[in-house]
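Accompanying notes for the structure given below.
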Amino acid sequence: MSQRQILYKKDSKIRLKLSPFPFVNRKIEEHMNYSFALLDKPRGPTSHEVAAWIKKEFNIPVTHSGTLEIDGEIPLFQGYY
Amino acid sequence: MQLHEEVSEERLKETIKLFVGKIYQKPPLRSAVKKAPRIRKIYSIDILDIKGRNVLMEVRCEAGTYVRKLCFDIGEVLGSGAHMTELRRTAIAFLKEDYEYLATLHELFGAYRYWKKYGDERYLRFYLRPIEELLFFLPKVFIKETALFSVTHGSFVAVPAIVGVTSDLKPKQLVGVYNLNNEIIALGRAEMDAKTAIESEKGIVLKIDKVLRVYEREEQ
Chain Y
6 MSQRQILYKK
16 DSKIRLKLSP
26 FPFVNRKIEE
36 HMNYSFALLD
46 KPRGPTSHEV
56 AAWIKKEFNI
66 PVTHSGTLEI
76 DGEIPLFQGY
86 Y
Chain V
16 MQLHEEVSEE
26 RLKETIKLFV
36 GKIYQKPPLR
46 SAVKKAPRIR
56 KIYSIDILDI
66 KGRNVLMEVR
76 CEAGTYVRKL
86 CFDIGEVLGS
96 GAHMTELRRT
106 AIAFLKEDYE
116 YLATLHELFG
126 AYRYWKKYGD
136 ERYLRFYLRP
146 IEELLFFLPK
156 VFIKETALFS
166 VTHGSFVAVP
176 AIVGVTSDLK
186 PKQLVGVYNL
196 NNEIIALGRA
206 EMDAKTAIES
216 EKGIVLKIDK
226 VLRVYEREEQ
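Quick note, the sequences are listed as chains Y and V, same order. First residue of the first sequence: 6, per the working numbering; consecutive thereafter. First residue of the second sequence: 16, per the working numbering; consecutive thereafter.
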C-alpha cells in the first residue's frame, strides 16, 4: 500500500477515535451482523443452500458472494448486504 | 477437465496457450445472463497434473468466466472433445486458500455453538472477519455523527458533513464512508478529490451506492 494519510478539514476540530481495529470493541452480536467468513464449501450442497443453513443456525441475514457450478470456497457475507 | 480422446501433452499445452488472454465466450443455455458472446480475460492457465485423459488445471480468470464452457471450447479446438468434471474456487480478490481464517462448515458451526453454550466468543470472532477487512483498499471519507442518519437514508454526502478524507480520494472512484470509530457505514462514488473535499465550503463529496449500516434518528 502506498502511504496514504488522513486529511482533516481545516475548520473541523473533530478527530477520529482511531483504533486500528475497530471491531474488537464491537459486541459479538453486533459484530456478527457486519462480518464475513471465508468458507471451505464441501462439494455437493450449493452456495445458496450453505448460506441458508448458516442463516438458520445463526438467525441473521446471510448472503454469499458468488456461485460457481461446483464450488470451492466462497466468502459469505453476513449482515445487510 | 476430462478429454474424450487421447491427446499428446505437447498438443494440449499448445492448445491451452491459445486460450490465455482475451477470449470470446458465449454463455451456456442455462445461464443467469444474456446469451450473447462476450469477452473475458484469462490471465493464466497452468497444468498441474495429467493422468490419462484427466487434466488438472489452475485457471486465473476474470469474474464471469464460464470455466465449464472454457473446458468444452478447449476440447473443440483439440478436436477430441472435453468436459469439466470438477471445479473449485481457490482464490477471490486477495483472499486465497491459505487464508488464515478459512473455515469449514463444521468449524464455523462449532465456533457458534461454543459461544452459545459456554459464552466464549473467541472462536467465533476468529472466523467472522469484519467487513472493513475486505475493503481496506478503498479511499475513505469520514463523516460527522450528526450526518449518519441522513447519509444512511439516501442523502448525498456534502462537504459540511465530512470530518476528513484519506489522501487517495479521487473523483469517480468507489469509496467507503466511515463513522468516527473507523467503521464502514456505506459505499459510494466520489465526486471530488481529497484536496477539494477538505478545502471547499460546500459541494457534494460523494453519492451513496449502497448502505451497509443503517442509523436511526436519535431520540429527541
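Cβ atoms here follow ideal geometry from the backbone N, Cα and C, with glycine treated the same way.
- For glycine 36 of chain V and isoleucine 54 of chain V, the gap between their C-alpha atoms comes out near 10 Å.
- Using a Cβ distance threshold of 8 Å, leucine 143 of chain V and methionine 37 of chain Y count as a contacting pair.
- In the structure shown, the three-state DSSP call for arginine 140 of chain V is helix.
- With at least 16 other beta carbons inside 10 angstroms of its own, phenylalanine 157 of chain V counts as buried.
- Residue-level contact by beta carbon fails for alanine 201 of chain V and chain Y, as no gap is shorter than 8 Å.
- One finds Arg9, Gln10, Ile11, Leu12 in chain Y with Cβ atoms closer than 9 Å to the Cβ of threonine 181 of chain V, taken in chain order.
- Remark: C-beta atoms of glutamate 160 of chain V and leucine 195 of chain V approach each other more closely than 8 Å.
- Taken through DSSP and simplified to helix, strand or coil, isoleucine 59 of chain Y comes out as helix.
- The three-state secondary structure of histidine 19 of chain V, taken from DSSP, is coil.
- If one requires a minimum length of 4 residues, the alpha helix (DSSP H) runs lying completely within the stretch 158 to 191 of chain V are 163 to 166, in chain order.
- Counted as a single uninterrupted DSSP element, the beta strand (DSSP E) harbouring alanine 42 of chain Y occupies residues 39 to 45.
- Under the Cβ criterion of 8 Å, valine 178 of chain V is counted among the residues facing chain Y.
- Across the set Y:Lys22, Y:Ile19, Y:Ala42, the C-alpha of Y:Ala42 shows the shortest separation from the C-alpha of glutamate 122 of chain V.
- DSSP, reduced to helix, strand and coil, places asparagine 30 of chain Y within a helical segment of the structure shown.
- Contact annotation for phenylalanine 124 of chain V against chain Y: Glu62 [CB-CB distance below 7 Å, chain order].
- With a 10 Å radius around the Cβ and a threshold of 16 neighbouring Cβ atoms, aspartate 64 of chain V comes out exposed.
- Under the three-state reduction of DSSP, leucine 33 of chain V is assigned to helix.
- For alanine 173 of chain V, no Cβ of chain Y is located within less than 8 Å of the residue's own Cβ.
- Per DSSP, reduced to three states, the secondary structure at glycine 90 of chain V is helical.
- Taking the Cα positions, glutamate 73 of chain V is about 13 Å away from lysine 111 of chain V.
- Interface annotation, leucine 139 of chain V: in contact with chain Y, CB-CB separation under 8 Å.
- In terms of Cα proximity to leucine 227 of chain V, the closest of V:Ser182, V:Ile177, V:Glu147 is V:Glu147.
- Nearest CB-CB separation between threonine 119 of chain V and chain Y: below the 8 Å threshold.
- Taking C-beta atoms as the reference points, valine 178 of chain V and isoleucine 19 of chain Y count as a pair closer than 8 Å.
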